[in-house]
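Novice: Take a look at the following structure, please.
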Amino acid sequence: FFNTRRLNVQLMLDWLHLKFVGAEHCGLDDARNIARILIEMLKRPDGHCTVLHINDGLAPHLATSHPFSRPSQARATLPSTVCGVDYFLILDFEATCVDPPNHSFQREIIEFPTVVLNTQTMEIETTDEFHVFVKPDLNPVLTPFCTTLTGITQAQVDSGVSLKTALEMHREWMIRRGFITDQYPVTPKARFAFVTCGDWDLEVCLPTEMLNKPGLQCPPYLVHGWLNIKKIFKARYGIGVSGMGSMLKQLNLVPEGRPHSGLHDSRNIARIVKKMVQEGLKAYPWTTK
Ligand code: AMP
Ligand code: MG
Ligand code: MG
Numbered sequence: 001f002f003n004t005r006r007l008n009v010q011l012m013l014d015w016l017h018l019k020f021v022g023a024e025h026c027g028l029d030d031a032r033n034i035a036r037i038l039i040e041m042l043k044r045p046d047g048h049c050t051v052l053h054i055n056d057g058l059a060p061h062l063a064t065s066h067p068f069s070r071p072s073q074a075r076a077t078l079p080s081t082v083c084g085v086d087y088f089l090i091l092d093f094e095a096t097c098v099d100p101p102n103h104s105f106q107r108e109i110i111e112f113p114t115v116v117l118n119t120q121t122m123e124i125e126t127t128d129e130f131h132v133f134v135k136p137d138l139n140p141v142l143t144p145f146c147t148t149l150t151g152i153t154q155a156q157v158d159s160g161v162s163l164k165t166a167l168e169m170h171r172e173w174m175i176r177r178g179f180i181t182d183q184y185p186v187t188p189k190a191r192f193a194f195v196t197c198g199d200w201d202l203e204v205c206l207p208t209e210m211l212n213k214p215g216l217q218c219p220p221y222l223v224h225g226w227l228n229i230k231k232i233f234k235a236r237y238g239i240g241v242s243g244m245g246s247m248l249k250q251l252n253l254v255p256e257g258r259p260h261s262g263l264h265d266s267r268n269i270a271r272i273v274k275k276m277v278q279e280g281l282k283a284y285p286w287t288t289k
């Protein structure tokens, strides 16, 4: 898509077949053109832009320069949302591991959950979460260390699905839940943002495994951008945190479930997001690749 490090407003406009509107080097006009780029990207059914975070106050400005977004339309199609999203989708992978850590050991995902925080109801929707165990193929036998750490048993991964199947099931779940449509590759239907605790899950773990296993296709919504709750926590409270435990503590939340269970970790991260939204979180740094 935008596979260049030297991307600027003009290049993006060219790529989208849009003309620069207004005066160059005018901050307000630049900002309006960036907004037009965002709107155009959101209209394209290629799934690369999954979240709209637009300040309502900006819509009237856009309306004057964008032929497709008159104020009434802009407001009708872009209702204000909590933090710009309808759903936070919280994901925390568990993977094979050895003790002591060994860099040449190729780690594989063994637990793949996604927990939903609905920002309209502010409920963590436990009734239709995504959760599968994944069978590793490079190292199919879990180390005792891994089982002790994660609580995941050999029997659970033995009866798990392949990563390919897990990704397909995840996509079907995303469609069933109404987050995306079934058009190829992906068209966002709701505004959602994936949330992880750290960048490892979506920046390292999944992409590395995809690279090592040809034939796997990673859905755009899992690699193009996500929210790292640790960065958001730092930005919001000015406190750098090492992990989930310290965020829970700072927010006076008691950890629930089993530590290093992907599902329970995801639910605890969801509780952190919920508490932060309740404490007034409005905007956040976004991690993109
Ligand atoms: P987490 O989400 O923190 O539960 O960790 C994700 C994965 O990182 C785990 O499934 C392990 O593969 C690895 N991991 C986490 N903590 C440790 C640890 N203390 N020692 C070795 N590997 C770990
Ligand atoms: Mg984790
Ligand atoms: Mg975990």
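For what it's worth, the numbering used here labels the leading residue of the sequence shown as 1, then goes sequentially. All residues carry an ideal CB built from backbone N, CA and C; glycine is no exception. Since this is a predicted model, take the numbers as computed values, not measurements.
(1) Over the uninterrupted beta strand (DSSP E) stretch that includes residue 124, give me the two end residues.
(2) Please name the residue, chosen from 33, 206, 255 and 210, that lies closest to residue 92 on a Cα-to-Cα basis.
(3) Cβ-heavy atom distance between residue 131 and ligand 1 below 6 angstroms?
(4) How many angstroms separate the CA atom of residue 244 from the CA atom of residue 24?
(5) Can you find a heavy atom of ligand 2 that lies under 6 angstroms from the Cβ of residue 97?
(6) Using the rule of at least 16 other Cβ atoms within 10 Å of the residue's Cβ for burial, across every protein chain shown, is residue 8 buried or exposed?
(7) Is residue 8 helix, strand or coil when you go by DSSP?
(8) Hey, would you say the C-beta of residue 262 is under 6 angstroms away from at least one heavy atom of ligand 3?
(9) Mapping DSSP to helix, strand and coil, what is residue 89?
(10) Are residue 82 and residue 277 close, meaning C-beta to C-beta below 7 angstroms?
(11) Could you tell me whether the Cβ atoms of residue 196 and residue 173 are closer together than 7 angstroms?
(12) Can you have a look at residue 266 and say buried or exposed, based on whether 16 or more other CB atoms are within 10 angstroms of its CB?
(13) Output needed for residue 223: all residues of its chain with C-beta closer than 8 angstroms, excluding positions within five of it in sequence on either side, in chain order.
(14) Leaving out five residues on either side along the sequence, give the residues of the same chain with a beta carbon under 6 angstroms from the beta carbon of residue 299.
(15) Can we count residue 92 as close to ligand 2, meaning its CB is less than 6 angstroms from some heavy atom?
(16) Compute the distance between the beta-carbons of residue 255 and residue 248, then report whether it is under 7 angstroms.
(17) Any heavy atom of ligand 1 inside 6 angstroms of the beta-carbon of residue 199?
(18) Verify whether the separation of the beta carbon atoms of residue 146 and residue 97 is less than 7 angstroms.
(19) Suppose you measure from the CA of residue 15 to the CA of residue 32; what does that come to, to the nearest Å?
Specialist: Once the coordinates are examined:
(1) Sequence index remark: in the sequence shown, residue 124 carries index 124 (1-based). 123 to 133 is the extent of the beta strand (DSSP E) around residue 124.
(2) Translated into the one-based positions of the sequence shown, residue 92 becomes position 92. The candidate whose alpha carbon is nearest that of residue 92 is 206.
(3) Translated into the one-based positions of the sequence shown, residue 131 becomes position 131. Every heavy atom of ligand 1 is 6 angstroms or more from the Cβ of residue 131, so no.
(4) Numbered from 1 along the sequence shown, position 244 holds the residue referred to as residue 244. Numbered from 1 along the sequence shown, position 24 holds the residue referred to as residue 24. Whole-angstrom Cα-Cα distance: 45 angstroms.
(5) By one-based count along the sequence shown, residue 97 stands at place 97. No, Cβ of residue 97 sits at least 6 angstroms from all heavy atoms of ligand 2.
(6) The residue given as residue 8 occupies position 8 in the sequence shown. Answer is exposed; the Cβ neighbour count stays below 16.
(7) Here residue 8 refers to the residue found at position 8 of the sequence shown. The answer is coil: DSSP assigns residue 8 none of H, G, I, E or B.
(8) Here residue 262 refers to the residue found at position 262 when the sequence shown is read from its first residue. Flag set: Cβ of residue 262 near ligand 3.
(9) Position 89 of the sequence shown, counted from the first residue, corresponds to residue 89. DSSP places residue 89 in strand when its eight states are reduced to three.
(10) Counting from one through the sequence shown, the residue named residue 82 turns up at place 82. Counting from one through the sequence shown, the residue named residue 277 turns up at place 277. Cβ atoms of residue 82 and residue 277: closer than 7 angstroms.
(11) Numbered from 1 along the sequence shown, position 196 holds the residue referred to as residue 196. Numbered from 1 along the sequence shown, position 173 holds the residue referred to as residue 173. No, the pair does not count as a contact, with Cβ atoms beyond the cut-off.
(12) Here residue 266 corresponds to residue number 266 of the sequence shown, with the count starting at 1. So residue 266 ends up on the buried side.
(13) Numbered from its first residue, the sequence shown carries residue 223 at position 223. Counting only Cβ-Cβ distances below 8 angstroms, and skipping sequence neighbours, we find 202, 206, 207 and 289.
(14) Residue numbering for the chain in the displayed model covers 1 to 289; residue 299 lies beyond these limits and cannot be assessed.
(15) Start at 1 with the first residue of the sequence shown, and residue 92 comes out as number 92. At least one heavy atom of ligand 2 is nearer than 6 angstroms to the Cβ of residue 92, so yes.
(16) As a working note, residue 255 is residue 255 in the sequence shown. As a working note, residue 248 is residue 248 in the sequence shown. Yes.
(17) Along the sequence shown, read from residue 1 onward, the residue named residue 199 stands at position 199. False, no ligand heavy atom lies under 6 angstroms from that Cβ.
(18) Here the question's residue 146 lines up with position 146 in the sequence shown. Here the question's residue 97 lines up with position 97 in the sequence shown. Yes; because the gap between Cβ atoms is below 7 angstroms, this pair is in contact.
(19) Within the sequence shown, numbered from 1, the residue matching residue 15 stands at position 15. Within the sequence shown, numbered from 1, the residue matching residue 32 stands at position 32. Roughly 17 angstroms separates the two Cα atoms.
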